[in-house]
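Visitor: Under this note's numbering, think of the first position of the sequence shown as 2, with each following residue one higher.
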Amino acid sequence: MCLYLYHSIDTRSIPSESLHHEKTIANMKMNIDQLQNVLKNNRDEISELKKQVADVERRRNQDWAKQVEKENEVYDEKAEAEKALEKKVEQIAGDANHKAVEEEEKAVVPEPNRGNKVAIVHEILKKITTKSSLPVCEMRKDYTNTHTDVQMLDVYNLLTFDNPDGGVWKQGWEVVYDKEKVAEEKKLEVIVIPHSHCDPGWIKTFEEYYHSQTRNILDLMVKNLYDNKNEMRFIYAEISFFELWWQDQTDDVRAKVKQLLASGQLEIVTGGWVMTDEANSHYFSIIAELLEGHEWIKNHLGGFRPTSHWSIDPFGLSPSIPYLMSAANITNAALQRIHYSVKKHLAKNKQLEFMWRQLWGSHGRPDMRTHVFPFYSYDVPHTCGPDPKICCQFDFRRLPGLGHSCPWGIPPEKITENNVKERAFALYDQYRKKSQLYKTNVLLVPLGDDFRYDIDAEWTEQYQNYMRLFEEMNKNTEWNVHARFGTLSDYFTELDRFLRTEQQLLPVFSGDFFTYADRDDHYWSGYFTSRPFYKQMDRVLQHQLRAAEIAFSLKAMKGESPTDEVFAKLVLARRALSLFQHHDGITGTAKDHVVVDYGNKMLAALEATEKVLSEALSALISAEVGSTNNLVLDEYRKEQDTMPVRRSYAIGDFVVLFNTLSRSRVEPTCIYVTSVHAMLKVDSDREIKQQISPVFVYNDGSLTQSSDFELCFVDELGPFGISVYEVVESSTNEQISTPTITAKDDIKISEFKFNRVSGSDFSLANSLFSAHFDTKTGFLKSVTPNDHKEIEVDLHYVHYGARGHKQLNSGGGDDLSGAYLFLPDGEAKEIPRMDQQFVVIDGPIMKRVIVAGPPDLKILQVYSIAYGSPSIEVINEVDIRSKANFELAMRLNTNVQSGDDLFTDLNGLQMIRRKRLLSKLPLQAHFYPMSASAYIEDSSTRLSLYTAQALGVASLKSGQLEVMLDRRLNQDDGRGLFQGVFDNHRTLSRFRLLVEPLASDKVNTADERVGFHSVVGLAQDMELLYPTVRMLTKAQPNTETIGGISQSLPCDVHIVNLRTIAGATNYGGNGMSTPKNEAALVLHRPLTDCRSKLQLQSDCMKQENTITPKKLFPNLRSTSEVSLTLLYEGKATDAVALQPQDVTSVKLTW
2 MCLYLYHSID TRSIPSESLH HEKTIANMKM NIDQLQNVLK NNRDEISELK
52 KQVADVERRR NQDWAKQVEK ENEVYDEKAE AEKALEKKVE QIAGDANHKA
102 VEEEEKAVVP EPNRGNKVAI VHEILKKITT KSSLPVCEMR KDYTNTHTDV
152 QMLDVYNLLT FDNPDGGVWK QGWEVVYDKE KVAEEKKLEV IVIPHSHCDP
202 GWIKTFEEYY HSQTRNILDL MVKNLYDNKN EMRFIYAEIS FFELWWQDQT
252 DDVRAKVKQL LASGQLEIVT GGWVMTDEAN SHYFSIIAEL LEGHEWIKNH
302 LGGFRPTSHW SIDPFGLSPS IPYLMSAANI TNAALQRIHY SVKKHLAKNK
352 QLEFMWRQLW GSHGRPDMRT HVFPFYSYDV PHTCGPDPKI CCQFDFRRLP
402 GLGHSCPWGI PPEKITENNV KERAFALYDQ YRKKSQLYKT NVLLVPLGDD
452 FRYDIDAEWT EQYQNYMRLF EEMNKNTEWN VHARFGTLSD YFTELDRFLR
502 TEQQLLPVFS GDFFTYADRD DHYWSGYFTS RPFYKQMDRV LQHQLRAAEI
552 AFSLKAMKGE SPTDEVFAKL VLARRALSLF QHHDGITGTA KDHVVVDYGN
602 KMLAALEATE KVLSEALSAL ISAEVGSTNN LVLDEYRKEQ DTMPVRRSYA
652 IGDFVVLFNT LSRSRVEPTC IYVTSVHAML KVDSDREIKQ QISPVFVYND
702 GSLTQSSDFE LCFVDELGPF GISVYEVVES STNEQISTPT ITAKDDIKIS
752 EFKFNRVSGS DFSLANSLFS AHFDTKTGFL KSVTPNDHKE IEVDLHYVHY
802 GARGHKQLNS GGGDDLSGAY LFLPDGEAKE IPRMDQQFVV IDGPIMKRVI
852 VAGPPDLKIL QVYSIAYGSP SIEVINEVDI RSKANFELAM RLNTNVQSGD
902 DLFTDLNGLQ MIRRKRLLSK LPLQAHFYPM SASAYIEDSS TRLSLYTAQA
952 LGVASLKSGQ LEVMLDRRLN QDDGRGLFQG VFDNHRTLSR FRLLVEPLAS
1002 DKVNTADERV GFHSVVGLAQ DMELLYPTVR MLTKAQPNTE TIGGISQSLP
1052 CDVHIVNLRT IAGATNYGGN GMSTPKNEAA LVLHRPLTDC RSKLQLQSDC
1102 MKQENTITPK KLFPNLRSTS EVSLTLLYEG KATDAVALQP QDVTSVKLTW
């Protein structure tokens, strides 16, 4: 398996100073570590070689200056070690377990800095790559022992989380500097970066913002950067707005924009469709919005490629984002919103700039070089220095008459000959104080705010006044400063120059920045759950879009030329999902009418993906496509704010199933049918298990039988496979199962036998476990896996209220719970456990417990235990519109001895350990984002909860797991939305509960900061997020089964997407993009936890971890290495070898 020094190539002309010693040596050492593990049969030789390199590294870290003086000696030792290492690898090149590859993936490796001799090490390692022969289980230790200078869990243990008044810098301290020593220091390089943060929806809708403000910003950007030919600079992030603006521009304006990008006056940062939320968004959608933006840039902006990441407004930050950015060849980042106590700690230690490493280490990806803003906000008052009262006076949009003012009562003054010296010193003094918080002489100073630079006067005043200030500062030699306008790339170039010149390294950091607090005990854990109706809709769209992408690409590969009109529907859906990932979209933190707008866009996208699926699958199964014979999804939504509705199949209809997983699946599929005598007809040479059951619906607090029936069946679906079944009427001798129907009370039922439940509890079981339920409430009590002890679950509901105003230690004003903040009135109160109506359906294929919960909350809860499944599916429907300041949660109290630990996912990409610190952190600080899953465990058992929608999760006691379901708040929480959360709907949430017996092993997991799912757990996650697509058609297809790919992929390899690449938009014609005969195959290989005793029943276990795309898709002409978002393309390749935790793309051409 290839040892990546970097993941993707930057084919731009890179200045020699852009790659410094730190990255070269760090990556060299990482790859030597990896190579040692690969060559385990040659352990003695490799150990000796590693020791030599480690000795050199240790001496360098102890005394960097001495190493500089003895560089030749260092080089000789390193070169000797590497020469021996190269020779050893060549000796074993023919070994089957250590097959050497002649070339490194050169096309995805940036050229190293040639300025020092250790670049030779890079050259040697670049020539030698190996395929890892280590079993996945043995790799764990290499993915859990990350060596960092700053680990967030350790920082939390150190912090007191007090909030003393720091003076002018309320959350800090009085910052001072020695004016006498200034002249002796290196010159302070100040890069002032004009920017405008444009939310694609918040107080206004996306289009409202564009027409009222963003269009003006971009128009004036061209005018002031290009026409005035001045030294002004500007950075911009959101491609969603940029594309909308580009539609209306002339060729002349477009040419000017390209010139501005080429000259460096304008920089597009990140280049995603939006500035994504980092808590709720799933990594599929993050990649989708990044791809959408980068694809548009590549198609329309010439040779420009974004190189720096800008994430200044998301409410807490995830390491998944720098990992994906690094895969896209973006390796610098500027960030803002992290906990104020953490900021203070990092500032005290001059660690606000660091290398952000993943919890599992680097393993082929460069760490993200990161800059954190030190103060409260990204607006001008909080970015020039520690005193916002002074900094506000240098925001010249706040001059009298320009529509903004300074809340401290001292407005800015225009800079004149009479005041320039005094004004320049006041600003310089803030710059100098801010610089005391960093270890280098390079200072980043943002100059902007939300929707800034939308009037011509702001461009003029900011430019002219700052140029006078810069001139005055720069000519005062005793100040020893050089200030200028610049871009984010300019800043990182200067930072790199300093680090190289001074031979300094930035500290290495690992962890995340959740849960965010901006002041006092105001934790932003409410938005993990706000507007859960739309969070659930987001995941449905994610699933449908992914299915449509795969089906569209499969059809195109088979030579079926798609039309621009059908492709346009796919593009519409991509952009709707991407837009909703905005940090005021999926977060649930926008105005009511903006939420409705997002909902309507997602509804249109759902309808569009249905049409793409209909067109693509019809072609693949040779079905006639017509107005009355189209395939339609059997679940749909009538309006953007209504629950999904199921379609029913009649006798004579056809069922089309599409498996979007890259492995075979054998699991029950359930459809609604209009007749109790309905069954599926299949080939005479095979049988499928079938079960017909009644359907119960919730009406006015009680359960009644529907006129429809549920037909569940089990059949094997191949990877990306399609199967067709005809619904026929069963005869008396047909083998179709009927379940036993039981309930506590008599219930009106027809066509099925009914029995009453007796005793204090009852049980349901399949071949893997038994589940026990309470006869009073119908709720789940415990789960007993086969050959394991009973695990208590005690599932029930609790609720929180909103606290009133309280006196804060800081003396500041208090806020109440709202869309962003969760400020409860104490511990949760249990919803009283009442005598509740429930119905039990006990069949061989599907077992269900359907519970009518508390009537004031209109709760419907359904437990499902499927044939062959190791998990219980739990579905909740809740409606809290009768409540006020009410937050509803589902709680599980278990006997798992989890102590203070909880593991939660980050964007569905990785798991992170959390620690309960109730002695110094409030309850609301213990809620974390759960985008896909969470688990607790002890030495013998793991209990995992997988979710089909993003919600907040906590573990407030040992053995406890609690997930929020909905929240309704009466008031605004003081974060700019100016409204409460009143637009609740009846809301669906879907989970899978998995209890896994764990084998004891010698792995000490107590010190690990990262967690991993088992292979079985990963399968549950995939099945929940990407259920089998069910479509109904009246027309008989000509094909019964279609194989999408020739074989299942490895169990731990997931095809994230198979996305057809778009050509440039024809803005002068039909306004559409033409699809290319190319697709991005996006792959993910998560590392798995081998301790689970459960086994995944699938043929995927037989496959190796090397992917050969041409074997999967025989019609391919070529496959090429590319960066994650295809901005950079490398050499042709036949096989893809994935390291654990890799997310990578391959370009397919047919």
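Even for Gly, the Cβ is constructed at its ideal location relative to N, Cα and C. Given the structure is predicted, the values throughout are model-derived calculations rather than measurements.
#1: Is there contact between the region 596–609 and the region 202–221, where contact requires at least three CB pairs shorter than 8 Å?
#2: To which residues does DSSP link Glu-1169 through a beta bridge?
#3: With DSSP run on the structure shown, which of helix, strand or coil describes His-1?
#4: Nearest to Phe-514 by alpha carbon, out of Met-153, Lys-884 and Leu-924?
#5: Please state if the CB of Glu-888 and the CB of Arg-968 are separated by a distance shorter than 8 Å.
#6: Decide if Met-1 is buried, meaning its Cβ has at least 16 other Cβ atoms within 10 Å, or exposed.
#7: Could you check what DSSP says for Thr-1075 in three-state terms: helix, strand or coil?
#8: Report the start-end ranges of each alpha helix (DSSP H) in the region 563–599 that is 4 residues or longer and not cut off at the edges.
#9: Taking the beta carbon of Val-191 as the centre, do at least 16 other beta carbons fall within 10 Å, making it buried, or is it exposed?
#10: I need the straight-line Cα distance from Ser-883 to Gln-537, nearest angstrom please.
#11: Give every residue of the same chain whose Cβ lies closer than 7 Å to the Cβ of Val-156, excluding the five residues on either side of it in the sequence, and list them in chain order.
#12: When the distance is taken between beta carbons, is Ser-1121 closer than 8 Å to Thr-1109?
#13: Once the 5 residues before and after His-405 are set aside, which same chain residues still bring their CB inside 7 Å of it?
#14: Can you name the start and end residues of the beta strand (DSSP E) that Glu-268 belongs to?
#15: Counting along the chain, where does the alpha helix (DSSP H) carrying Thr-1145 start and finish?
#16: List the endpoints of the continuous beta strand (DSSP E) containing Ala-328.
#17: Quick one: measure Cβ to Cβ for Arg-370 and Phe-493, integer angstroms, because I've assumed they're closer than 8 Å.
#18: In whole angstroms, give me the CA-to-CA distance for Gly-951 and Ala-569.
#19: If I follow the unbroken beta strand (DSSP E) through Thr-371, where does it start and stop?
#20: Taking a contact to mean a Cβ-Cβ separation below 8 Å, would you say Gly-1012 touches Arg-914 in this structure?
#21: What span of residues does the beta strand (DSSP E) with Asp-451 cover, start to end?
#22: Where Asp-716 and Val-1057 are concerned, what is the direct C-alpha to C-alpha distance, given to the nearest angstrom?
#23: From Leu-489, Ile-866 and Leu-1139, pick the residue whose C-alpha is nearest to that of Ile-269; which is it?
#24: Using 8 Å for Cβ pairs, my map puts Asn-908 next to Ser-319. What's the rounded Cβ distance?
#25: Smallest Cα separation from Pro-1141: which of Gly-365, Asp-522, Ala-425 and Gly-719?
#26: Could you check what DSSP says for Val-964 in three-state terms: helix, strand or coil?
#27: Closest to Glu-418 by C-alpha separation, out of Asp-380, Thr-384, Tyr-439 and Glu-472, would be which residue?
#28: Met-891 lies in the beta strand (DSSP E); which residues open and close that run?
#29: What three-state label does DSSP hand Thr-610 in the structure shown?
#30: For Tyr-801, count the other beta carbons within 10 Å of its own beta carbon; 16 or more makes it buried, fewer makes it exposed. Which is it?
#31: Does DSSP put Cys-138 in a helix, in a strand, or in coil?
#32: Under the assumption that His-295 contacts Ala-329 (Cβ atoms under 8 Å), give the Cβ distance between them as a whole number of angstroms.
#33: Just reading off the beta strand (DSSP E) that Pro-695 is part of, what are its end residues?
#34: Residue range of the alpha helix (DSSP H) that Asp-1154 falls in?
#35: Provide the residue span of the alpha helix (DSSP H) that contains Arg-540, from first to last.
#36: Rounded to whole angstroms, what is the Cα-Cα separation between Val-1016 and Gln-1096?
Guide: So, to answer that:
#1: yes
#2: The requested residue 1169 does not occur in the structure, where the chain is confined to residues 2 to 1151.
#3: The requested residue 1 does not occur in the structure, where the chain is confined to residues 2 to 1151.
#4: Met-153
#5: yes
#6: Nothing can be reported for residue 1, as the shown portion of the chain is limited to 2 through 1151.
#7: strand
#8: 565–581
#9: buried
#10: 21 Å
#11: Val-343 and His-346
#12: no
#13: Arg-398 and Arg-399
#14: 267–269
#15: Here Thr-1145 belongs to no alpha helix (DSSP H); instead the beta strand (DSSP E) covers 1143–1150.
#16: Where Ala-328 is concerned, there is no enclosing beta strand (DSSP E), although the alpha helix (DSSP H) it sits in stretches over 321–328.
#17: 7 Å
#18: With the sequence shown as reference, residue 951 is identified as Ala, and Gly is not the correct amino acid for it. Roughly 28 Å between the two C-alpha positions.
#19: 369–373
#20: yes
#21: 443–451
#22: 24 Å
#23: Leu-489
#24: 6 Å
#25: Gly-365
#26: strand
#27: Glu-472
#28: 887–894
#29: helix
#30: buried
#31: helix
#32: 7 Å
#33: 690–700
#34: Beyond the ends of the chain as shown, which are 2 and 1151, falls residue 1154; an answer cannot be given.
#35: 533–558
#36: 8 Å
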